[in-house]
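J.: Submitted below is the structure of interest, expressed as C-alpha cells.
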Amino acid sequence: MGIELKGVTKRFKGAAALDRVGLTLEDRHIYGLLGRNGAGKSTLLNLIAGRLLPTQGEILVDGEPVLENDRALGKIYCMSEANYFPEGLRVREIFRFTSEFYPRFDLPYALNLSEKFELDLNAKNNKLSTGFGTILKIIAALASGAPILLLDEPVLGLDAGNRELFYRELIQNFSEHPRLIVFSTHLIEEAAKLIDRAVIIRQGTLILNEDVETLLEDSYLIKGPAQAADRYAEGRTVISSELLGGLKTVYLRGRPDPDAFGGDLISEKIDLQKLFIELTGRRKENQK
Amino acid sequence: MPPGFTNEKPIFQQVAEELEDAVLSGAFREEEQIPSTTEISVSYKINPATALKGINLLVEESIVYKRRGIGMFVAPGAKQKILEKRKQSFYRAFVLPMVREAEKLGLGPEETAELTKRGFNDGN
Chain A
1 MGIELKGVTK RFKGAAALDR VGLTLEDRHI YGLLGRNGAG KSTLLNLIAG
51 RLLPTQGEIL VDGEPVLEND RALGKIYCMS EANYFPEGLR VREIFRFTSE
101 FYPRFDLPYA LNLSEKFELD LNAKNNKLST GFGTILKIIA ALASGAPILL
151 LDEPVLGLDA GNRELFYREL IQNFSEHPRL IVFSTHLIEE AAKLIDRAVI
201 IRQGTLILNE DVETLLEDSY LIKGPAQAAD RYAEGRTVIS SELLGGLKTV
251 YLRGRPDPDA FGGDLISEKI DLQKLFIELT GRRKENQK
Chain B
1 MPPGFTNEKP IFQQVAEELE DAVLSGAFRE EEQIPSTTEI SVSYKINPAT
51 ALKGINLLVE ESIVYKRRGI GMFVAPGAKQ KILEKRKQSF YRAFVLPMVR
101 EAEKLGLGPE ETAELTKRGF NDGN
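The listed protein sequences correspond, in order, to chains A and B.
Per the UniProt record's numbering, the very first residue in the first sequence carries number 1; after that it's consecutive.
Per the UniProt record's numbering, the very first residue in the second sequence carries number 1; after that it's consecutive.
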C-alpha cells in the first residue's frame, strides 16, 4: 500500500522541474515534503494526483498506474495551492460538491471542523479571505475520507492559532484513521514533530527520503578551530560547512566520534530546519 | 501539558520523561489510567508513532502496563522504579561530571561534600 514513483521526470518547455525521481511513500505515515521555492514540490504532488502527466516514468498507487485510472485517483485527495472549487458556491455547497467525488466524505465532521475554525457555512467561496480559503480547503481534505491526502502548503495564510488547530486536527484525524499523508510546507520547525518521514527535494532532484528520528540521530555538527575541524571532517560524510573567522562549523551525517575531537572541537545536534537549510541551502559550494 | 521539546534528545524519550515526571509529581497515580496515544500526540502536536514509542519505553520498563481494550495504566511500584532509575542517571549525568570538575580544581571529597551542602542550604 502506498505511492511509488519510478524514474519520474517532468519537463516544462524543456526545463526539468523534476528529474528522474524514484520515491516510495508508504501507507500510515505522515510525510513532510520539503524543498525551497521552485524545488518541484507542487509539481510532484500534482503528478501523483494525476493533474499533470509525467514526461517520463511511472506513478503507481497501491501498485496501479494513476493515469486515467479512476479507482487509483479516487484514493487520493489533493489539496493544492490554487482553489479549484467552483467559484460562486457557498461553503456548505462545496462540502456537498466534494462528497460527490468522495463518497466517504464525512459531512458531520466537516461541519464540526467549520465550527472549530469559525468558517461561515454560508460564505461564498470566492469571497473568502486567503486564510479562510485555506481553511475551507483543509476541511474538505480532512473530511474527504480519502486514504491518501496530499496537502500542498496547507498552512499558507493561516495565523498561528489556526495553524496550531490544524496540526491538532491533522493528528487527531491521522490517529483515528491512519492513512498516507504528504504535506509540503516552509514552516519546517512547526512540522518537524508532526511528520515521521522527511522527503527533501532540491532543484527537481530527490535528495532524501528518511525517517525523521533516524535522520536527526544521524546528523550533527562540530565546531572549533578550522584546522581541527577540517582534520576531523576528512573522510567523513560532510553536508556543508561554514567559516567564521578562524572558527569552522561542519555539518555531518553519521554519529559524532568524540575520540577524534582532540580537545578542540565540540559537537551539537542539528534540528530538522537547520539540516534542511544545510542540505538545500548553499546552492553551489556544498554539492560534493 | 507543557509544549517545548528540545532537540537534544529524541522526542519519544522526552515524552517518556514527561510521563515519568507526572508519575513522580503524583499527577498520575499508580493504577490510574494515563492519557491515550492520541491524546498525547494531539496535545504535544507530535506524530502518534512518536507518542507510542515513548509509551512503549515505559511499558518495557514496567512503569505502565496495558489493559486490553481500555488503555494504559501506571503500574504498581512505578514511582519507586522511576526514582531508582533517576538516581542512577543523576549519578551519571551530574555526580560524575561534578567529581571530574572537582578534581580539576583540586577539591577533595570532603570539600566537595561541603560545597554540595552549601548548595542545599542556598537552594532552600
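Even for Gly, the Cβ is constructed at its ideal location relative to N, Cα and C.
Being a predicted model, the structure only gives us computed values, none of them experimental.
Residues of chain A with a CB under 7 Å from the CB of Pro48/B: which are they?
T.: Stepping through the second sequence from its first residue, residue 48/B is reached at position 48. Ordered by position in chain A, the residues that pass the 7 Å Cβ test against Pro48/B are Ile171, Phe174, Ser175.
J.: Near Phe261/A, what residues of its chain come up, given a Cβ to Cβ distance below 6 Å and the 5 sequence neighbours on each side ignored?
T.: As a first step, residue 261/A is located in the first sequence; it is residue number 261 there, counting from the start. Contacts found: none.
J.: Output needed in chain order: residues of the segment 181 to 206 of chain A with a Cβ under 7 Å from some Cβ in chain B.
T.: Lys193, Leu194, Ile195, Asp196
J.: Does the beta carbon of Lys269/A come closer than 8 Å to any beta carbon on chain B?
T.: To locate residue 269/A, count along the first sequence from 1; it is residue 269. With 8 Å as the cut-off, Lys269/A counts as an interface residue toward chain B.
J.: Since I believe Ile46/B is in contact with Lys193/A (beta carbons under 8 Å), could you give me their beta-carbon distance rounded to a whole number of angstroms?
T.: Within the first sequence, numbered from 1, the residue matching residue 193/A stands at position 193. Within the second sequence, numbered from 1, the residue matching residue 46/B stands at position 46. Confirmed, about 4 Å.
J.: With a threshold of 6 Å on Cβ separation, who are the neighbours of Gly224/A within its own chain once the five nearest residues in sequence on each side are excluded?
T.: Within the first sequence, the letter at position 224 stands for residue 224/A. Excluding residues within five positions, the ones whose Cβ falls inside 6 Å are Asp264, Leu265.
J.: From the beta carbon of Ser25/B, is the nearest beta carbon of chain A less than 8 Å away?
T.: To locate residue 25/B, count along the second sequence from 1; it is residue 25. Answer no: the Cβ-Cβ gap between Ser25/B and chain A never drops below 8 Å.
J.: Taking only the alpha-carbon atoms, compute the straight-line gap between residue 125/B and Lys85/B and give it to the nearest angstrom.
T.: Given a span of 1 to 124 for chain B in the structure shown, any question on residue 125/B remains unanswerable.
J.: Please report the distance separating the alpha-carbon of Tyr109/A from that of Pro154/A.
T.: Taking the first residue of the first sequence as position 1, residue 109/A is located at position 109. Taking the first residue of the first sequence as position 1, residue 154/A is located at position 154. C-alpha separation (whole angstroms): 18 Å.
J.: Please report whether the beta-carbon of Tyr84/A lies at a distance below 8 Å from any beta-carbon of chain B.
T.: Taking the first residue of the first sequence as position 1, residue 84/A is located at position 84. Not an interface residue.
J.: Put Ser62/B into one of helix, strand or coil per three-state DSSP.
T.: The residue given as residue 62/B occupies position 62 in the second sequence. Taken through DSSP and simplified to helix, strand or coil, Ser62/B comes out as coil.
J.: My assumption, with CB atoms under 8 Å, is that Ala160/A sits in contact with Tyr77/A. Please give the rounded CB distance.
T.: The residue given as residue 160/A occupies position 160 in the first sequence. The residue given as residue 77/A occupies position 77 in the first sequence. Actually they do not touch by this definition, with Cβ atoms about 26 Å apart.
J.: For the pair the segment 198 to 216 of chain A and the segment 9 to 26 of chain A, tell me if three or more CB-CB distances fall below 8 Å.
T.: yes
J.: What does the alpha-carbon distance come out to for the pair Met79/A and Ile48/A?
T.: Walking along the first sequence from the start, residue 79/A turns up at place 79. Walking along the first sequence from the start, residue 48/A turns up at place 48. Using only the alpha carbons, I get a separation of about 12 Å.
J.: In the structure shown, what three-state DSSP assignment does Asp19/A receive?
T.: Here residue 19/A corresponds to residue number 19 of the first sequence, with the count starting at 1. The answer is strand: DSSP assigns Asp19/A an E or B state.
J.: Does DSSP classify Tyr77/A as helix, strand or coil?
T.: In the first sequence, counting from the first residue as 1, residue 77/A sits at position 77. Tyr77/A falls in the strand class under three-state DSSP.
J.: Taking DSSP as the reference, what is the three-state secondary structure of Ile201/A?
T.: Translated into the one-based positions of the first sequence, residue 201/A becomes position 201. Looking at Ile201/A - three-state DSSP - the assignment turns out to be strand.
J.: At the level of alpha carbons, what is the spacing between Leu5/A and Glu93/A?
T.: As a working mapping, residue 5/A is identified with position 5 in the first sequence. As a working mapping, residue 93/A is identified with position 93 in the first sequence. Roughly 35 Å separates the two Cα atoms.
J.: If the criterion is Cβ atoms closer than 8 Å, does the pair Pro65/A and Thr9/A meet it?
T.: By 1-based counting over the first sequence, the position of residue 65/A is 65. By 1-based counting over the first sequence, the position of residue 9/A is 9. Cβ atoms of Pro65/A and Thr9/A: not closer than 8 Å.
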